[in-house]
Amino acid sequence: MYTRDNVVVCTQECIAHNIGSAREAVARILKELKEEELITTQKTK
1 MYTRDNVVVC
11 TQECIAHNIG
21 SAREAVARIL
31 KELKEEELIT
41 TQKTK
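Okay, structure coming up:
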(Lines of atoms letter the chains of each structure in order from A and count residues from 1; the text may use other names and numbers.)
(Lines give C-alpha, C1' and ligand atoms only; values in the text may rest on other atoms or scores of the structure.)
Protein backbone atom coordinates (compact mmCIF):
# COMPACT_ATOMS: atom_id res chain seq x y z
CA MET A 1 0.00 0.00 0.00
CA TYR A 2 1.26 3.46 -0.80
CA THR A 3 -0.10 6.99 -1.21
CA ARG A 4 0.53 9.54 -3.92
CA ASP A 5 -1.20 12.91 -4.39
CA ASN A 6 -4.15 12.01 -2.12
CA VAL A 7 -4.43 8.61 -3.82
CA VAL A 8 -4.18 5.38 -1.86
CA VAL A 9 -3.08 2.46 -3.99
CA CYS A 10 -4.26 -0.70 -2.28
CA THR A 11 -6.54 -3.63 -3.04
CA GLN A 12 -9.67 -4.34 -1.04
CA GLU A 13 -7.89 -7.41 0.26
CA CYS A 14 -4.94 -5.30 1.40
CA ILE A 15 -7.24 -2.87 3.22
CA ALA A 16 -9.09 -5.76 4.87
CA HIS A 17 -5.84 -7.34 6.03
CA ASN A 18 -4.58 -4.05 7.49
CA ILE A 19 -7.76 -3.45 9.50
CA GLY A 20 -8.41 -7.07 10.44
CA SER A 21 -11.62 -7.42 8.45
CA ALA A 22 -13.03 -9.44 5.56
CA ARG A 23 -12.66 -8.19 1.98
CA GLU A 24 -16.43 -8.41 1.53
CA ALA A 25 -16.98 -6.01 4.44
CA VAL A 26 -14.47 -3.58 2.95
CA ALA A 27 -16.24 -3.81 -0.43
CA ARG A 28 -19.59 -2.95 1.18
CA ILE A 29 -18.18 0.09 2.97
CA LEU A 30 -16.34 1.31 -0.13
CA LYS A 31 -19.57 1.00 -2.11
CA GLU A 32 -21.41 3.12 0.46
CA LEU A 33 -18.67 5.75 0.43
CA LYS A 34 -18.74 5.87 -3.38
CA GLU A 35 -22.54 6.23 -3.40
CA GLU A 36 -22.21 9.19 -0.99
CA GLU A 37 -19.54 10.61 -3.34
CA LEU A 38 -17.00 10.70 -0.52
CA ILE A 39 -14.45 8.66 -2.43
CA THR A 40 -13.72 7.45 -5.94
CA THR A 41 -12.16 4.14 -6.87
CA GLN A 42 -10.69 2.63 -9.96
CA LYS A 43 -9.42 -0.74 -11.00
CA THR A 44 -5.73 -1.12 -11.67
CA LYS A 45 -4.14 -3.09 -14.44
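For the sequence shown, full-length UniProt numbering assigns the number 1 to the initial residue and increments by one for each residue that follows.
Note that the Cβ used here is the ideal one computed from N, Cα and C, for glycine as well.
Alpha carbon to alpha carbon, how far is residue j from residue i? Give it in angstroms, no decimals.
| i | j | result |
| --- | --- | --- |
| Glu24 | Gln42 | 17 Å |
| Thr44 | Thr3 | 14 Å |
Which residues in the same chain as residue i place their Cβ atom closer than 6 Å to its Cβ, once the five residues preceding and following it in sequence are excluded?
| i | result |
| --- | --- |
| Val9 | Tyr2 |
Take residue i and list the residues in its own chain whose beta-carbon comes closer than 7 Å to its own, dropping the five residues that flank it on each side.
| i | result |
| --- | --- |
| Ile15 | Val26 |
| Glu13 | Arg23 |
If I measure Cβ to Cβ from residue i and keep anything under 8 Å in the same chain, skipping five residues before and after, which residues do I get?
| i | result |
| --- | --- |
| Lys34 | Thr40 and Thr41 |
Just to confirm the assignment, what range does the alpha helix (DSSP H) spanning residue i have?
| i | result |
| --- | --- |
| Gln12 | Gln12 to Ile19 |
| Leu33 | Arg23 to Glu35 |
How far does the beta strand (DSSP E) with residue i in it reach, from first residue to last?
| i | result |
| --- | --- |
| Thr3 | Tyr2 to Arg4 |
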